[in-house]
Amino acid sequence: RQKRDDARNPSRAELFSITHTRKDGHPVNEESARVMGMLQEVSSSEENTSPKTMKDDLLSQVLGKDNPGRIRMLGLGPTPSSVYDPVPTRTQALQMVNQVKTSSETVISKMFEKIEEMKVEHEKMKESYENHLSNLHADIGTLKDLMQKNIENYQAHDGNASPSIHSSASSHEVQHHNVQRGSKKRGRNDDNVNVQGKMMVYLKSFKKSLVNVALATIESKDPLKKVGGCDLGCEYWEVAVNVALVYNEPLPRPYGQFKTIGDAIGATIAWPFTLGCYVHVDLDGI
Numbered sequence: 001r002q003k004r005d006d007a008r009n010p011s012r013a014e015l016f017s018i019t020h021t022r023k024d025g026h027p028v029n030e031e032s033a034r035v036m037g038m039l040q041e042v043s044s045s046e047e048n049t050s051p052k053t054m055k056d057d058l059l060s061q062v063l064g065k066d067n068p069g070r071i072r073m074l075g076l077g078p079t080p081s082s083v084y085d086p087v088p089t090r091t092q093a094l095q096m097v098n099q100v101k102t103s104s105e106t107v108i109s110k111m112f113e114k115i116e117e118m119k120v121e122h123e124k125m126k127e128s129y130e131n132h133l134s135n136l137h138a139d140i141g142t143l144k145d146l147m148q149k150n151i152e153n154y155q156a157h158d159g160n161a162s163p164s165i166h167s168s169a170s171s172h173e174v175q176h177h178n179v180q181r182g183s184k185k186r187g188r189n190d191d192n193v194n195v196q197g198k199m200m201v202y203l204k205s206f207k208k209s210l211v212n213v214a215l216a217t218i219e220s221k222d223p224l225k226k227v228g229g230c231d232l233g234c235e236y237w238e239v240a241v242n243v244a245l246v247y248n249e250p251l252p253r254p255y256g257q258f259k260t261i262g263d264a265i266g267a268t269i270a271w272p273f274t275l276g277c278y279v280h281v282d283l284d285g286i
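In structure tokens, the structure reads:
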């Protein structure tokens with residue numbers, strides 16, 4: 001451009017000729033010579049026509065359309081879309097900027113809303129956990145009170161004795177205690193009855209037989225007794241759930257609204273006697 005008298009930018013055809021010509025004035029190779037010859041012919045035939053845009057200039061007519069991603073003779077920076085596409089006006093550019101800004105603000109606003117929703121959900125989960133923990137502590141306290149009443153009941157019968165509460169080693173057999181105190185003998189069922197005189201049992205889990213899921217009292221062992229509309233049969237007891245230890249433990253015979261141990265608190269259900277463990281008082285040594 002600095003060497004031209006009119007200071008006009010050289011065309012791509014001129015740039016091709018300059019960059020493909022040696023210092024001695026000969027083309028660098030036969031292909032370059034052929035292309036420059038074709039450029040000369042097309043230039044001579046269109047000498048009097050109005051100048052074309054870069055997209056349809058002499059080089060494009062001879063070599064064809066530019067490949068996507070680059071434009072011949074302009075290096076690696078410019079692309080067909082950045083050079084050939086119309087340049088937006090200032091108003092259009094401002095509109096594009098505003099659209100991007102609005103879109104970004106919308107995305108950011110939705111992100112903050114999602115964060116707030118997650119915070120609320122976290123608080124709900126925290127509150128639910130604290131309530132569940134509180135209920136668990138309350139159940140443990142109830143169980144302790146129940147066991148303490150049972151101890152006091154025995155103390156009322158035996159003077160100042162201090163029996164200890166524990167679970168039977170067998171899941172369905174009663175350990176026999178024949179303790180003689182003077183001339184008085186205790187019955188074999190005195191060791192595992194509550195204040196109301198009912199047998200107390202731990203209910204064991206189906207999946208984990210060593211895990212206690214509830215504290216209950218035996219209401220009936222009659223095979224013909226109906227619970228939930230069905231006979232107990234020979235393998236089930238009717239028990240009243242007093243304290244739930246594992247709320248989500250499923251019932252073997254769900255009925256009505258009673259699906260889990262937690263649902264059945266205060267109600268009677270059918271439970272396999274093989275998964276019932278007597279709660280009794282060890283009176284050895286009294």
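Here the numbering used here is used: the first residue of the sequence shown is 1, the next is one more, and so on. Note that beta-carbon positions come from the ideal geometry of N, C-alpha and C, so glycine has one too. All figures in this text were calculated on a predicted structure; none of them were measured in a lab.
| Item | Value |
| --- | --- |
| Nearest residue (CA-CA) to residue 41, options 13, 25, 68 and 21 | 13 |
| Beta carbon of residue 267 nearer than 8 Å to that of residue 258 | yes |
| Range covered by the alpha helix (DSSP H) that runs through residue 18 | 12-19 |
| Residue 111 versus residue 262 - alpha carbon distance | 39 Å |
| Residues bridged to residue 262 (per DSSP) | Partner(s): none; residue 262 has no beta bridge. |
| Between the CA atoms of residue 141 and residue 252 - distance to the nearest angstrom | 27 Å |
| Burial state of residue 126, where buried means 16 or more other Cβ atoms lie within 10 Å | exposed |
| Neighbourhood of residue 184 by C-beta, 8 Å cutoff - its chain only, sequence neighbours within 5 removed | Low confidence applies here, because residue 184 scores a pLDDT of 39, under 50, leaving its location unreliable; read the following figure in that light. Cβ within range, chain order: n/a, list empty. |
| Start-to-end residues for the alpha helix (DSSP H) that takes in residue 60 | 58-63 |
| Close Cβ partners of residue 238 (< 7 Å) along its chain, the five nearest in sequence each way excluded | 219, 220, 225, 227, 232, 268 and 270 |
| Classification of residue 236 by the beta-carbon crowding that lies within 10 angstroms, buried from 16 upward | buried |
| Neighbour-count burial assignment, residue 96, 16 or more Cβ in a 10 Å radius | exposed |
| Contact check, residue 202 vs residue 215, beta carbons under 8 Å | yes |
| Closest residue to residue 250 among 207, 31 and 146 (Cα-Cα distance) | 207 |
| Candidates 138, 152, 229 and 29: closest to residue 242 by CA position | 138 |
| Contact belief for residue 11 with residue 36 at Cβ below 8 Å, rounded distance in angstroms | About 13 Å separates the two Cβ atoms, so there is no contact after all. |
| For residue 129, the three-state DSSP class (helix, strand or coil) | helix |
| Residue environment, residue 94, which counts as buried when at least 16 other CB atoms sit within 10 Å | exposed |
| Cβ distance (whole Å) where residue 275 is taken to contact residue 204 below 8 Å | 4 Å |
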